[in-house]
Amino acid sequence: NAGVTQTPKFRVLKTGQSMTLLCAQDMNHEYMYWYRQDPGMGLRLIHYSVGEGTTAKGEVPDGYNVSRLKKQNFLLGLESAAPSQTSVYFCASTVAGWNEQYFGPGTRLTVT
Amino acid sequence: SQKIEQNSEALNIQEGKTATLTCNYTNYSPAYLQWYRQDPGRGPVFLLLIRENEKEKRKERLKVTFDTTLKQSLFHITASQPADSATYLCALDEVDSSASKIIFGSGTRLSIRP
């Protein structure tokens, strides 16, 4: 099993450009999450999904959109990138409830 | 809203000693509390989960305690080794009627010197 994978690993965007980050998991987990991690801030929840076709806002959703068209995939979109979105983005999944979360390797995004 | 405080940004100890990391929370007591390890450039990795009705949990050289009166969890690594050097994150469940979410502390960076 690959676990949780994320693409791309690195990306540099110019202000105003758009992009989509892809998260895939092969563990048949219902719950998936997108976090961002900034120095000294810890992990902050952007959006999450409790099942295929459902999404919800987390702590810092502004400027991001998500979709969960297939159970195994969770996409994070930036419609118009801003320098404040420079961060490391992590995807995670869990079977259900407050179980342990499995994290992907992260995507390092720089917006200039 | 719930806030998590991890004792210090960095902790530096001698190999072989016991490392003790602290996680304090401010409001309601969570039903679950989790600890994760994160190495530079990698995603967090789950270590241990402790429930509110459990006082202590052990896994090999790791021990976690949970004191709902003090609103605190302690994470111990006994016989520490340089390979234990990493950032350790505390996380606890956030009450939400629609889904289960957890919130993370900002972490403690542990360095074990030979």
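Order-wise, the sequence lines are chains E and W. Each residue of the first sequence is one higher than the one before, starting from 400 at the first, in the numbering used here. Each residue of the second sequence is one higher than the one before, starting from 749 at the first, in the numbering used here. The C-beta atom is built at its ideal place from N, Cα and C for all residues, glycine as well. Values in this document were obtained by computation on a predicted structure and should not be read as measured data.
Between the alpha carbons of A758 of chain W and E800 of chain W lies a distance of about 27 Å. Residues of chain E whose Cβ lies closer than 7 Å to the Cβ of L810 of chain W do not exist; the shortest such Cβ separation is about 14 Å. Counting C-beta pairs closer than 8 Å gives three or more between the region 765-779 of chain W and the region 825-843 of chain W, which meets the contact rule. Residues of the region 775-789 of chain W with a Cβ closer than 7 Å to any Cβ of chain E, in chain order: A779, Y780 and Q782. Going by DSSP, K408 of chain E is part of no beta strand (DSSP E) at all; its letter is neither H nor E. Residue contact check for L759 of chain W against chain E: no CB pair falls below 8 Å. As the crow flies, the alpha-carbon of I798 of chain W is around 21 Å from that of Y432 of chain E. For F489 of chain E, the nearest CB of chain W lies under 8 Å from its own CB, placing it at the interface with that chain. In the three-state DSSP reduction, D832 of chain W falls in the helix class (H, G or I). The beta carbons of V411 of chain E and T506 of chain E sit no closer together than 8 Å.
Think of a sphere of 7 Å around the beta carbon of Q424 of chain E: no beta carbon from chain W falls inside it, the nearest being about 12 Å out.
Between Q750 of chain W and T774 of chain W a beta carbon distance of about 6 Å is seen, short of the 8 Å cut, so the two are scored as contacting. Close to D832 of chain W, with beta-carbon spacing below 9 Å, lies no residue of chain E; the smallest spacing is near 19 Å.
Among the residues facing chain E, L797 of chain W is included, as its CB has a counterpart in that chain under 8 Å away. Exposed is the label assigned to L818 of chain W, since fewer than 16 other Cβ atoms lie within 10 Å of its Cβ. One thing to note: L858 of chain W has its Cβ within 8 Å of the Cβ of A834 of chain W. Proximity to A491 of chain E across E:R467, E:M418 and E:Q424 peaks at E:Q424, based on C-alpha coordinates. Per the C-alpha coordinates, the member of E:H428, E:S448 and E:T414 positioned closest to P460 of chain E is E:S448. Contact annotation for W497 of chain E against chain W: A779, Y780, D841, S848 and I850 [CB-CB distance below 7 Å, chain order]. Residue burial annotation: G853 of chain W is buried, with at least 16 other C-beta atoms found within 10 angstroms of its C-beta.
DSSP, reduced to helix, strand and coil, places Q820 of chain W within a strand of the structure shown. With contacts defined by Cβ atoms closer than 8 Å, G791 of chain W and P504 of chain E form a contacting pair. Considering only E:T485, E:L508, E:N472 and E:Q484, the residue with the shortest C-alpha distance to G402 of chain E is E:N472.
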